[in-house]
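One structure is given here, and the rest of the page talks about it.
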Ligand SMILES: [Zn+2]
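In the working numbering, the protein residues as written are 19 to 327.
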């Protein structure tokens, strides 16, 4: 009988938390271009019923492979998961409601990603606070949360220009910020502003890398010089130039009264105390509503997409 191959230590997980449309693709591209760091993307997409999952897996990988399942990197992750759990990338449940199975699945997933890439740090840009809270509760997993915030008027503008109503997203921003503060209460997590990240990427990266005991490698800001495979993310991943353009069109595109209303609505998220009574029940209700909305939105997109049959 041969002894099983020794397992490497679990990687450190950098978790990018915050609202969508806050610059997480930029942050993960920058982090994933540092040696020893791999940007895995939105690992929450591996939940079997994650909205938009079919499209993510039908699209070409960032590395150029025709689909994620045919990408050599994700293929290697899939093989390692099958060895460890007896289930492949598209069969695991990263949101398993059972805490012990959640821990085992996510431990195996980040270990497989680290081993397939040779990295010691895995960046998960799922953003959701509920996933962050559950990862933080895994005792032997080192999770470094990074809270990414963009001006709420910029986040709302990103939705408005996609012809979505502003009110819902202003409320979602406020609530999301409050929940994130609650999950992070008492933890030394860096709060990163998108506007500062876009203007001073080196200084912002240095802050995060310092938490990992790493120093930035000069010249690694050019993410186009590195291979990436992150799940989900925006078109910035596929651009040929690594020029950072800060998007502040909301300043002129949103009417003044909407800018004022969004700023006022977001205020509780910036100042909120933690431990509000009834917050968990309200959060579950809001998450369920957000999920229905997201499923409807993705179903409409999928119907129009040439990638999904
Ligand atoms: Zn790939």
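Every residue, glycine too, gets a C-beta built ideally from N, C-alpha and C.
Host alpha helix (DSSP H) of residue i (start-end)
{"i": "residue 172", "result": "170-178"}
{"i": "residue 50", "result": "42-50"}
{"i": "residue 99", "result": "90-103"}
{"i": "residue 228", "result": "219-229"}
{"i": "residue 347", "result": "For residue 347 there is no data in the structure shown, the boundaries of the chain being 19 and 327."}
{"i": "residue 72", "result": "71-76"}
{"i": "residue 269", "result": "268-271"}
Residue of the options minimising C-alpha distance to residue i
{"i": "residue 233", "options": "55, 159, 192", "result": "55"}
{"i": "residue 76", "options": "286, 203, 242, 86", "result": "86"}
{"i": "residue 31", "options": "57, 72, 122, 45", "result": "57"}
{"i": "residue 247", "options": "279, 269, 84", "result": "84"}
{"i": "residue 193", "options": "286, 101, 212", "result": "286"}
{"i": "residue 310", "options": "96, 53, 155, 68", "result": "68"}
{"i": "residue 101", "options": "118, 123, 154", "result": "123"}
{"i": "residue 184", "options": "315, 272, 80", "result": "272"}
{"i": "residue 53", "options": "239, 96, 259, 74", "result": "239"}
{"i": "residue 135", "options": "91, 156, 249", "result": "91"}
{"i": "residue 139", "options": "89, 49, 281", "result": "49"}
{"i": "residue 197", "options": "173, 114, 148", "result": "148"}
{"i": "residue 318", "options": "65, 70, 66", "result": "70"}
{"i": "residue 103", "options": "119, 93, 152, 88", "result": "119"}
{"i": "residue 66", "options": "114, 307, 82, 152", "result": "114"}
{"i": "residue 174", "options": "313, 237, 280", "result": "280"}
{"i": "residue 235", "options": "307, 220, 152", "result": "220"}
{"i": "residue 203", "options": "151, 137, 237", "result": "151"}
{"i": "residue 237", "options": "72, 229, 223", "result": "223"}
Chain C contact for residue i (CB, 8 Å cutoff)
{"i": "residue 271", "result": "The chain labelled as chain C is not found in the depicted structure, where only one protein chain is given."}
Start-to-end residues for the beta strand (DSSP E) that takes in residue i
{"i": "residue 128", "result": "That residue, residue 128, is in no beta strand (DSSP E); its alpha helix (DSSP H) goes 117-135."}
{"i": "residue 35", "result": "30-36"}
{"i": "residue 211", "result": "209-211"}
{"i": "residue 57", "result": "55-59"}
{"i": "residue 190", "result": "No beta strand (DSSP E) contains residue 190, which is instead part of the alpha helix (DSSP H) from 184-202."}
{"i": "residue 162", "result": "161-167"}
Beta-carbon spacing of residue i, residue j below 8 Å
{"i": "residue 34", "j": "residue 141", "result": "yes"}
{"i": "residue 145", "j": "residue 51", "result": "no"}
{"i": "residue 186", "j": "residue 37", "result": "no"}
{"i": "residue 208", "j": "residue 225", "result": "yes"}
{"i": "residue 133", "j": "residue 182", "result": "no"}
{"i": "residue 28", "j": "residue 158", "result": "yes"}
{"i": "residue 39", "j": "residue 177", "result": "yes"}
{"i": "residue 106", "j": "residue 116", "result": "no"}
{"i": "residue 315", "j": "residue 189", "result": "no"}
{"i": "residue 275", "j": "residue 171", "result": "no"}
{"i": "residue 251", "j": "residue 46", "result": "yes"}
{"i": "residue 258", "j": "residue 242", "result": "yes"}
{"i": "residue 80", "j": "residue 256", "result": "yes"}
{"i": "residue 156", "j": "residue 121", "result": "yes"}
{"i": "residue 212", "j": "residue 180", "result": "no"}
Legend entry - At least three beta-carbon pairs within less than 8 Å, the region 160-174 to the region 101-113: no
Inset, instruction - Report yes or no: do three or more beta-carbon pairs, one from the region 261-277 and one from the region 211-230, lie closer than 8 Å? - result: Touching, yes, given that three or more Cβ pairs across the two stretches are closer than 8 Å.
Legend entry - Contact the region 48-65 vs the region 125-140: 3+ CB pairs below 8 Å: yes
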